[in-house]
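Chemist: Under our numbering, the first residue of the sequence shown carries the number 7, and numbering increases by one thereafter.
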Amino acid sequence: MKKQLLSAFILLLQILPGFAQQLYQTTKESIAAAHTILAEDEWYGFKRIKFDFGGRTAWIVLPDCDPQQEKPWTWTMQWAEAYVDRTGVPDLLRKGFHHATLEAYDTRADEAALPVFASFQAFLTDTLHLAPKANLVGMSWGGFYSVRYATHYPQNVNRIYLDAPLLTFHDRKDQSPESIGSWAMSHPANHDWASDPRMPLNMAERLAATHIPVMLLYGGQDQTVLPENNCEPFAKRFAAAGGNIMITKRDLFGHHPHGLDPDKTKPIVDFFTKE
């Protein structure tokens, strides 16, 4: 009996890597049929495929286990290589999630960028058969991207985790093209970003109406993206409009590091895996 159990266990160990390898090969072939593969490597212990998407570097990371049936996935919209161990992404990969990103910092999520993001998602869902809705990870500038994208394409978004998000240029000292990209050439009259409807801060009510749940983490001592001008008024307006938001203020934190302590990721993972 013991020998039979041992044999079955060994067989299972042999089969599981086979699932992962088959998934990887199928995904790679599907990408290569439409786009140029740029690189293949390991990312935090998981297999990653980088590919060209309309002249931009995109990548997808595959779980090392059999993916969940619905093929849920996360998308870090900016700073995808920052504080990875504190975002919950590796934990979710171990649970059968996929992970993706499109390198687009040069766009600063301007008006022209949003359809590109939607096109990238359409490729992931239509060709790679990931779940129809993304789980967005929005750290700092990534929060700017996430709120703008979700407000314009709510049908594409399942949940949003915001961490010290930039949501307006109202108090941003450097408003040069090097800092805010094309926004520097399309600023509102008198640089009145506070009332500019394109700013994520002023999309709070519209986003609340979509019923997309939001998790907000931020540092009470953040001197880079001031909470009193960004996430705090956003959260207040979002909640007042009936939005579903969970807020954690890390009183002694600055802008960095992202994530939580002492358990860096459990609340984030729980948020993204909630039914």
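Idealized CB from N, CA, C, for every residue including glycine. Please read these numbers as outputs of a predicted model, since none were measured by experiment.
With DSSP collapsed to three states, give me the class of Thr80.
Modeler: DSSP places Thr80 in strand when its eight states are reduced to three.
Chemist: Tell whether a beta-carbon distance below 7 angstroms holds between His264 and Tyr151.
Modeler: No, Cβ-Cβ distance for His264 and Tyr151 is not below 7 angstroms.
Chemist: Measuring CA to CA, which of Phe57, Glu48, Gly148 and Ala86 is closest to Pro69?
Modeler: Pro69 has its Cα closest to that of Glu48, out of Phe57, Glu48, Gly148 and Ala86.
Chemist: From which residue to which residue does the beta strand (DSSP E) around Glu48 run?
Modeler: Glu48 -> beta strand (DSSP E) spans Ile43 to Trp49.
Chemist: Could you round the C-beta distance between His104 and Pro73 to whole angstroms and report it? I think they count as a contact, below 8 angstroms.
Modeler: The Cβ separation is near 7 angstroms, so the contact holds.
Chemist: Candidates Gly187, Leu173 and Gly102: which alpha carbon is nearest Asp202's?
Modeler: For Asp202, the nearest C-alpha among the options comes from Leu173.
Chemist: Using C-beta distances below 7 angstroms, list every residue in its chain close to Ile37, excluding the 5 sequence neighbours before and after it, in chain order.
Modeler: Excluding positions up to five away in sequence, the list reads Ile43, Ile55 and Phe57.
Chemist: Taking only the alpha-carbon atoms, compute the straight-line gap between Leu108 and Arg154 and give it to the nearest angstrom.
Modeler: Distance between the alpha carbons of Leu108 and Arg154: 15 angstroms.
Chemist: Would you check if there are 3 or more beta carbon pairs closer than 8 angstroms linking the segment 184-191 to the segment 162-170?
Modeler: Touching, no.
Chemist: Looking only at DSSP bridge pairs, what is Gly144 linked to?
Modeler: Beta-bridge pairing links Gly144 to Leu168.
Chemist: Tell me the rounded alpha-carbon separation between Gly260 and Ala170.
Modeler: Looking at the two C-alpha atoms, the distance is approximately 9 angstroms.
Chemist: Within 10 angstroms of its Cβ, does Gln127 collect 16 or more other Cβ (buried), or is it exposed?
Modeler: The residue is buried, with at least 16 neighbouring Cβ atoms inside 10 Å.
Chemist: What does the Cβ neighbour count give for Tyr167, buried or exposed, with the cut at 16 atoms within 10 Å?
Modeler: By the neighbour-count rule (16 or more Cβ atoms within 10 Å), Tyr167 is buried.
Chemist: Just to confirm before moving on: does the CB-CB distance between Leu232 and Asp177 stay below 7 angstroms?
Modeler: Yes, Cβ-Cβ distance for Leu232 and Asp177 is below 7 angstroms.
Chemist: Can the beta-carbon of Leu99 be found closer than 7 angstroms to that of Phe129?
Modeler: Cβ distance not < 7 angstroms, so Leu99 and Phe129 don't count as in contact.
Chemist: Considering only the beta carbon of each residue, do Gln84 and Gly148 sit closer than 7 angstroms?
Modeler: Contact flag set, yes.
Chemist: Using DSSP with H/G/I as helix, E/B as strand and the rest coil, what is Asp132?
Modeler: Note: Asp132 maps to helix in three-state DSSP.
Chemist: What did DSSP end up calling Trp85 once you bin it into helix, strand or coil?
Modeler: Reduced to three states, the DSSP call for Trp85 is coil.
Chemist: What do you reckon, are the CB atoms on Thr254 and Gly94 nearer than 7 angstroms?
Modeler: Their beta carbons are not under 7 angstroms apart, which means Thr254 does not touch Gly94 by this criterion.
Chemist: Using CA atoms only, rank isn't needed, just tell me which of His158, Tyr111, Asp112 and Thr113 is closest to Ala124.
Modeler: The shortest C-alpha separation from Ala124 is found at His158.
Chemist: Check the C-beta distance from Ala119 over to Ala110 and give it rounded, since I have them as a contact under 8 angstroms.
Modeler: Ala119 to Ala110, Cβ: 6 angstroms. Contact.
Chemist: I need the boundaries of the alpha helix (DSSP H) containing Ala64, first residue and last residue.
Modeler: Unbroken run through Ala64 is the beta strand (DSSP E), Arg62 to Val67; no alpha helix (DSSP H).
Chemist: Considering only the alpha carbon of each residue, which of Cys71, Tyr50 and Ala40 lies closest to Gly61?
Modeler: It is Ala40 whose Cα lies nearest to the Cα of Gly61.
Chemist: With a Cβ-Cβ cutoff of 7 angstroms, do Phe175 and Leu207 count as a contact?
Modeler: Contact flag unset, no.
Chemist: Can the beta-carbon of Leu136 be found closer than 7 angstroms to that of Lys179?
Modeler: Cβ distance not < 7 angstroms, so Leu136 and Lys179 don't count as in contact.
Chemist: Is DSSP giving Arg204 helix, strand or coil here?
Modeler: If DSSP states are grouped into helix, strand and coil, Arg204 belongs with coil.
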